[in-house]
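Counting in full-length UniProt numbering, the final residue of the sequence shown is number 479, and the numbers go up one at a time with none missing. Reading through the structure tokens given below for one structure.
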Amino acid sequence: MKSPDAAIKQFGNTITAADLKKQLYIVAGPGMEGRETGTAGQRKAADYIRDQFKAFGLQPGANGEWFQYYSLFQDVLESSQINIGGTNYEFAKDFYASLKDSKSESLTVNNTVLAGYADKPLQGNYKGKAVVFLQDAPQPGMRRRMNPVDQVKDVVKDAKVVMFVMNNSSMANISRIADRLKRSGLYMGQADEQESQNVYFISETMAAAIFGQAAFDTYKASPKESLKSLESKTPLEIELKKKTDETKSSNVLGYLEGTDKKDEIVFITAHYDHLGTHDGQIYYGADDDGSGTVSVIEMAQAFTEAKKAGHGPRRSMVFMTVSGEEKGLLGSRYYTEHPIYPLEKTVVDLNIDMVGRVDPAKVADTNYIYIIGDDKLSSELRPISEAANKITNLELDYKYNDPNDPNRFYYRSDHYMFAQHNIPIIFYFNGVHEDYHKPTDTVDKIHYELMAKRAQLVFYTAWEIANREDKLPVDRHEK
Ligand SMILES: [Zn+2]
Numbered sequence: 001m002k003s004p005d006a007a008i009k010q011f012g013n014t015i016t017a018a019d020l021k022k023q024l025y026i027v028a029g030p031g032m033e034g035r036e037t038g039t040a041g042q043r044k045a046a047d048y049i050r051d052q053f054k055a056f057g058l059q060p061g062a063n064g065e066w067f068q069y070y071s072l073f074q075d076v077l078e079s080s081q082i083n084i085g086g087t088n089y090e091f092a093k094d095f096y097a098s099l100k101d102s103k104s105e106s107l108t109v110n111n112t113v114l115a116g117y118a119d120k121p122l123q124g125n126y127k128g129k130a131v132v133f134l135q136d137a138p139q140p141g142m143r144r145r146m147n148p149v150d151q152v153k154d155v156v157k158d159a160k161v162v163m164f165v166m167n168n169s170s171m172a173n174i175s176r177i178a179d180r181l182k183r184s185g186l187y188m189g190q191a192d193e194q195e196s197q198n199v200y201f202i203s204e205t206m207a208a209a210i211f212g213q214a215a216f217d218t219y220k221a222s223p224k225e226s227l228k229s230l231e232s233k234t235p236l237e238i239e240l241k242k243k244t245d246e247t248k249s250s251n252v253l254g255y256l257e258g259t260d261k262k263d264e265i266v267f268i269t270a271h272y273d274h275l276g277t278h279d280g281q282i283y284y285g286a287d288d289d290g291s292g293t294v295s296v297i298e299m300a301q302a303f304t305e306a307k308k309a310g311h312g313p314r315r316s317m318v319f320m321t322v323s324g325e326e327k328g329l330l331g332s333r334y335y336t337e338h339p340i341y342p343l344e345k346t347v348v349d350l351n352i353d354m355v356g357r358v359d360p361a362k363v364a365d366t367n368y369i370y371i372i373g374d375d376k377l378s379s380e381l382r383p384i385s386e387a388a389n390k391i392t393n394l395e396l397d398y399k400y401n402d403p404n405d406p407n408r409f410y411y412r413s414d415h416y417m418f419a420q421h422n423i424p425i426i427f428y429f430n431g432v433h434e435d436y437h438k439p440t441d442t443v444d445k446i447h448y449e450l451m452a453k454r455a456q457l458v459f460y461t462a463w464e465i466a467n468r469e470d471k472l473p474v475d476r477h478e479k
């Protein structure tokens, strides 16, 4: 009879460079169209992952189904214009508004007030009026400026409409991003019925049309401290019409039942969505996160093979690939807010996001992986991870685990949603590179041997957590 150690290695070694490569050429191939959430490419990828899980002998992991569906919404502009004293101005040319934050409206205002600068708004009675604010030009070296809407919100409560004047040079570029302005990003959960007034960002030309060119020029040239409000009776007719489209996306869950501790669950995750196809170019996302997706697929196979050979895990395992990551960790957020397995019984989430490439800073010795978040919630996770690495012998680089690191990678992938619920996590990551989020993140640039080693590290770590006597403790609280 083999020692348990030998058994572990026998199954760890089924995760090979050749198998990962075969999988990745499909998952990050042209047929998947860049896997953008809410598109046909994403759905094809989901079907493919399900078919793999099924073929290995996993069970559907989402209450008897393979997919956990969730709804996503997107606001689309139907029409919008502002008429100032008989002249029409166009959306995404002369002005814009955030569609998600705006409501459909059609109204006339006969009283408009220019009320100083956004960072020093003038008080006044603005009931039923449109209130317009100037903004300082951003200073070189200044951090992103404060949201002007927040700066004036106490002053404009009764106003019918709020407007900010954008300088002509920033307005000159907006027609280039018209498509993005006329369509909001995908968001989860129906937006609340908008109660506050709409906010429009208008050109200096429009402001001059409201207040008169000379008066507006004088106002702009006056010292900020001595400004008083300036009124106009020029009628404004404002119209904005939008609709909200709904689309569905899914997380894919495969379940492997444990033995004597089957109520406790070990999660292994990666996001299978990427950026899609734009202007005829496919964003393949081979590293981001095709690499994590195929690692999860190969690990699912290794653990099911082990179980068939009589070495099934004591705890149950869920192999979950999520969508919506590139849109703001939506799929993992949905899962952790609508968990299928009790979160208090969820022992760990090992999340893999980009493990196939090499950080330019690491070319001298590529035998590494960045480990993030492993010491934040459980004191025993790092020792387990380091012991597992005795087999794989990678350099475990904790550089990005530093809470002061400006990249803040800890907050930037799906494990973070689990950590928010007090579930210990490890985030496996190779760092960014020149092809990050570009169409050139392709399968030919992946280091398959290295990726296999990294996936094996996750496998051995998961094996120990799934099989050890004691549940991984949650004894630290660094979120
Ligand atoms: Zn990613």
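Yeah, the Cβ is synthetic: ideal placement off N, Cα and C, and Gly gets one too.
Same chain, Cβ closer than 7 Å to Lys471, five either side skipped, listed in chain order: By one-based count along the sequence shown, residue 471 stands at place 471. The answer, listed in chain order, is Glu264, Val347.
The segment 457–471 / the segment 430–437 touching (three or more Cβ pairs under 8 Å): no
8 Å Cβ cutoff met for Lys327 and Leu186: Start at 1 with the first residue of the sequence shown, and residue 327 comes out as number 327. Start at 1 with the first residue of the sequence shown, and residue 186 comes out as number 186. Going by C-beta atoms, Lys327 is nearer than 8 Å to Leu186.
Through-space distance from Gln74 to residue 513, alpha-carbon basis: The question about residue 513 has no answer here: the residues shown for the chain are numbered 1 through 479.
Whole-angstrom C-beta distance between Gln301 and Thr392, which should lie under 8 Å: As a working note, residue 392 is residue 392 in the sequence shown. As a working note, residue 301 is residue 301 in the sequence shown. With a Cβ gap of about 18 Å, Thr392 and Gln301 do not count as contacting.
Any 3 or more C-beta pairs closer than 8 Å across the segment 155–165 and the segment 125–135: yes
Residue of Lys127, Met171, Pro339 minimising C-alpha distance to Ala137: Mapped onto the sequence shown, residue 137 falls at position 137. Comparing Cα positions, the closest option is Met171.
Proximity test, His271 beta-carbon vs ligand 1 heavy atom, cut-off 7 Å: Locating residue 271 in the sequence shown gives position 271, counting from the first residue. Correct: His271 has its Cβ closer than 7 Å to ligand 1.
Of the listed residues Val474, Asn467, Lys453, Glu478, nearest to Pro15 (C-alpha basis): Start at 1 with the first residue of the sequence shown, and residue 15 comes out as number 15. Note that residue 15 corresponds to Ile in the displayed sequence, not to Pro. Of the listed residues, the one whose Cα sits closest to Ile15 is Lys453.
For Asn125, the nearest candidate out of Leu230, Ala215, Ala208, Glu33 (CA to CA): In the sequence shown, counting from the first residue as 1, residue 125 sits at position 125. The shortest C-alpha separation from Asn125 is found at Leu230.
Beta-carbon contacts of Val474 that lie in its chain and below 7 Å, excluding the five residues immediately before and after: Sequence index remark: in the sequence shown, residue 474 carries index 474 (1-based). Closer than 7 Å at the Cβ level, and outside the excluded window around Val474, lie Leu377, Ser378, Asn422, Pro424.
Cut-off 6 Å between Cβ atoms - residues of its own chain near Ser332, not counting five sequence neighbours on either side: Indexing the sequence shown from 1 puts residue 332 at position 332. Only Val322, Asp414, Met417 meet the Cβ criterion.
Cα-Cα separation between Val358 and Asn389, rounded to whole angstroms: By 1-based counting over the sequence shown, the position of residue 358 is 358. By 1-based counting over the sequence shown, the position of residue 389 is 389. One C-alpha to the other measures close to 19 Å.
Any non-hydrogen atom of ligand 1 closer than 7 Å to Glu464 Cβ: The residue labelled residue 464 in the question sits at position 464 within the sequence shown. No - ligand 1 has no heavy atom lying nearer than 7 Å to the Cβ of Glu464.
Residues that His415 bridges to, as DSSP identifies them: Taking the sequence shown and counting its residues from 1, the one referred to as residue 415 is at position 415. Per DSSP, none; premise fails for His415.
Candidates Ser222, Ile210, Ser80: closest to residue 507 by CA position: Within the shown structure, residues of the chain are numbered from 1 to 479, placing residue 507 beyond reach of any answer.
Cross-strand partners of Glu449 (DSSP beta bridge): By 1-based counting over the sequence shown, the position of residue 449 is 449. Beta-bridge pairing links Glu449 to no other residue.
Lys21 versus Leu450 - alpha carbon distance: Stepping through the sequence shown from its first residue, residue 21 is reached at position 21. Stepping through the sequence shown from its first residue, residue 450 is reached at position 450. Roughly 12 Å separates the two Cα atoms.
Cβ-heavy atom distance, Met451 to ligand 1, below 7 Å: For the purposes of this step, residue 451 is taken as residue 451 along the sequence shown, with counting starting at 1. The answer is no for Met451.
Distance cut-off 7 Å: Asp289 Cβ against heavy atoms of ligand 1: As a working note, residue 289 is residue 289 in the sequence shown. Under cutoff, so the answer is yes.
Residues bridged to His271 [DSSP beta-bridge criterion]: Position 271 of the sequence shown, counted from the start, is the residue given in the question as residue 271. Looking at the DSSP assignment, His271 forms a beta bridge with Val322.
Heavy atom of ligand 1 within 7 Å of Met354 beta-carbon: For this step, residue 354 is matched to residue 354 along the sequence shown. Because some heavy atom of ligand 1 lies under 7 Å away, the Cβ of Met354 counts as near it: yes.
Reduced DSSP category for Glu469 - H, G, I as helix; E, B as strand; rest coil: Against the sequence shown, residue 469 aligns to sequence position 469. Coil at Glu469, not helix or strand.
Helix, strand or coil at Leu457 according to DSSP, with G and I counted as helix: For the purposes of this step, residue 457 is taken as the residue at position 457 of the sequence shown. Looking at Leu457 - three-state DSSP - the assignment turns out to be helix.
Three-state class that DSSP yields for Met1 in the structure shown: In the sequence shown, counting from the first residue as 1, residue 1 sits at position 1. The predicted model places Met1 with a pLDDT of 44, which falls under 50 and marks its position as unreliable, so this point remains unresolved.
Cβ-heavy atom distance, Ser413 to ligand 1, below 7 Å: By 1-based counting over the sequence shown, the position of residue 413 is 413. It does: the Cβ of Ser413 is within 7 Å (strictly closer) of some heavy atom of ligand 1.
Delimiting residues of the beta strand (DSSP E) encompassing Ile352: On the sequence shown, residue 352 is found 352 positions in, with the first residue counted as 1. Counting along the chain, the beta strand (DSSP E) containing Ile352 begins and ends at 346–352.
Length-filtered (3 minimum) beta strand (DSSP E) runs lying within the segment 247–295: 261–271, 276–278, 281–283
Helix, strand or coil at Ala62 according to DSSP, with G and I counted as helix: As a working note, residue 62 is residue 62 in the sequence shown. Correct three-state label for Ala62: strand.
Enclosing beta strand (DSSP E) for Ser332 [first to last residue]: The residue you call residue 332 lines up with position 332 of the sequence shown. Ser332 -> not in any beta strand (DSSP E); alpha helix (DSSP H) instead, spanning 330–337.
Ala209 - containing alpha helix (DSSP H), residue span: Indexing the sequence shown from 1 puts residue 209 at position 209. Ala209 -> alpha helix (DSSP H) spans 204–211.
Which of helix, strand or coil DSSP assigns to Gln81: Your numbering for residue 81 matches position 81 in the sequence shown. Of the three classes helix, strand and coil, the one that applies to Gln81 here is strand, per DSSP.
Glu36 beta carbon near ligand 1 (any heavy atom closer than 7 Å): Within the sequence shown, residue 36 is the residue found at index 36, counting from 1. Not so, every heavy atom of ligand 1 lies at least 7 Å from the Cβ.
Cβ pair Gly38, Met32 closer than 8 Å: Along the sequence shown, one-based indexing puts residue 38 at 38. Along the sequence shown, one-based indexing puts residue 32 at 32. No, they are not a contact pair.
Cutoff 8 Å; reference Gln197; Cβ partners in own chain excluding five residues on either side: In the sequence shown, counting from the first residue as 1, residue 197 sits at position 197. Result list for Gln197: Val156, Ala159, Lys160, Val161, Val162, in chain order.
Proximity below 8 Å, CB of Ile369 to CB of Leu330: Here residue 369 refers to the residue found at position 369 of the sequence shown. Here residue 330 refers to the residue found at position 330 of the sequence shown. Cβ atoms of Ile369 and Leu330: not closer than 8 Å.
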